[in-house]
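Mind the numbering: the sequence shown is residues 261 to 526 in our numbering, read in order. Scroll down for the structure; my scribbles are underneath it.
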Amino acid sequence: MNARTEPAEADTAPGTPARPPLIREFLLVAGLFLVYKLGRQLATGHTGDAFRNARRVWDLERTAHLPHENAVQSALLHGDTLVHLANTYYATVHFPATLAFLVWLYLRRPAHYVWARRVLAAVTTAALVLPFTFPLAPPRMLTGTGLVDTGRVYGPSVYGPPSSDHLSNQFAAMPSLHFGWALMLAIGLIAATRSRWRLLWLLHPLITLLVIVGTANHFWLDALVATAMLGLALAAVPPPRRTATTAGRGTGVPAGREPVLAGAGR
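Rendered as structure tokens:
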């Protein structure tokens with residue numbers, strides 16, 4: 261019998277959480293993205309209410325002494341390159357980053373993947389109710405605020421004129437799922453990893469917050485409401501129990517790669 265040790269496959273290590281079936285998860289995640297897009301389209305219309313609510317939100321923020329969105333946008337407008345980068349971040353990072361987050365968890369941390377997918381599904385489903393009950397125009401559409409529609413002026417823009425844009429509901433600014441999903445990405449990766457640098461993942465929701473406000477696509481309150489909804493979802497969906505496997509660590513070897521005796525039983 262050979263007494264040397266070699267790592268076992270991650271999927272066969274004792275205590276490794278079962279990875280959900282790939283096809284089922286693909287359909288579930290695709291359905292989540294589809295519900296996000298179609299649900300917001302179903303809540304189109306209510307233009308008058310959306311602008312009245314936007315003015316109320318703007319006035320409420322000033323009463324609450326929240327920082328002016330103009331202050332963030334003014335920083336972006338110091339140069340065309342910076343504002344163009346902000347518009348690009350808004351247009352291209354949201355969906356790919358969330359998808360990459362889910363794929364990584366599915367492959368490396370199955371238990372955390374199931375937890376994160378459930379939390380995102382809960383937040384997204386709840387977020388679809390607000391456009392029906394509280395339609396809200398984004399701040400870039402409000403007159404008299406001094407804000408610029410940076411996407412339209414500097415590009416790239418993901419939106420066309422509201423009257424002809426059939427791919428999105430521009431009057432569904434609250435809550436900001438851009439921010440809610442970004443915050444969940446950071447929380448999920450911090451919970452699922454043990455790196456001393458893992459808190460740096462919080463830069464993603466921070467940058468996202470500055471981008472959505474600076475480009476005048478969202479109010480501060482849109483992000484605050486998204487944070488509250490995420491907090492409720494996190495309280496309702498229990499996280500996976502921390503073990504050496506789910507935490508990505510073990511007894512001196514990578515998670516899920518416990519040593520076994522090579523040749524034992526042969």
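Cβ coordinates follow ideal geometry from the N, Cα and C atoms, glycine included.
| Check | Outcome |
| --- | --- |
| Inter-residue spacing [alpha-carbon to alpha-carbon] between W318 and F479 | 8 Å |
| Pair within 8 Å by beta-carbon distance, G474 and H372 | no |
| Through-space distance from R377 to P356, alpha-carbon basis | 15 Å |
| Per DSSP, the bridge partner or partners of L396 | A432 |
| Distance CB(L459)-CB(I467) smaller than 8 Å | no |
| Nearest-angstrom Cβ-Cβ length linking P399 and E329, presumed shorter than 8 Å | 6 Å |
| Collapsed DSSP secondary structure at G308 in the structure displayed | helix |
| Check whether L445 and F361 have beta carbons under 8 Å apart | yes |
| Beta carbon of V497 nearer than 8 Å to that of V363 | no |
| The stretch 410-418 / the stretch 342-349 touching (three or more Cβ pairs under 8 Å) | yes |
| For T453, the first and last residue of its enclosing alpha helix (DSSP H) | Taken as a continuous stretch (DSSP letters only), T453 belongs to no alpha helix (DSSP H), as it is neither H nor E. |
| Closest Cα partner of A486 within the set V374, L388, D309 and D340 | L388 |
| Exposure label - S424; buried when at least 16 CB within 10 Å | In this prediction, S424 has a pLDDT of 49, which is less than 50 and means its spatial position is unreliable; what the coordinates show is noted afterwards. Flag for S424 reads exposed. |
| L232 vs M434 beta-carbon contact at 8 Å | As shown, the chain starts at 261 and ends at 526. That puts residue 232 outside it, with no answer to give. |
| Member of T358, A397 and T410 whose CA lies at the smallest distance from the CA of G308 | A397 |
| Three-state secondary structure assigned by DSSP to P280 | coil |
| Proximal residues to P280 (C-beta, below 8 Å), its chain only, five neighbours per side dropped | Y366, P370, Y373 and V374 |
| S455, buried or exposed, once every other Cβ within 10 Å from all chains shown has been counted against 16 | exposed |
| Option nearest T358 by Cα separation, candidates P465, L402, A314 and P327 | P465 |
| Distance CB(F394)-CB(N313) smaller than 8 Å | yes |
| Simplified DSSP state of P391, which is helix, strand or coil | helix |
| CB of L490 within 8 Å of CB of L443, strictly | yes |
| Cβ neighbour criterion (16 or more within 10 Å) applied to P327 | exposed |
| Within 8 Å, strictly: CB atoms of A386 and L292 | no |
| Pick from F431, T403, T384 and M401 that is closest to P310, judged by C-alpha positions | According to the sequence shown, residue 310 is Ala rather than Pro. Per the Cα distances, F431. |
| Helix, strand or coil at W457 [DSSP, three-state] | coil |
| Alpha-carbon to alpha-carbon, H325 and P527 | The requested residue 527 is not part of the displayed model; the chain covers only 261 to 526. |
| Residue span of the alpha helix (DSSP H) that contains P465, given as start and end | L463 to G474 |
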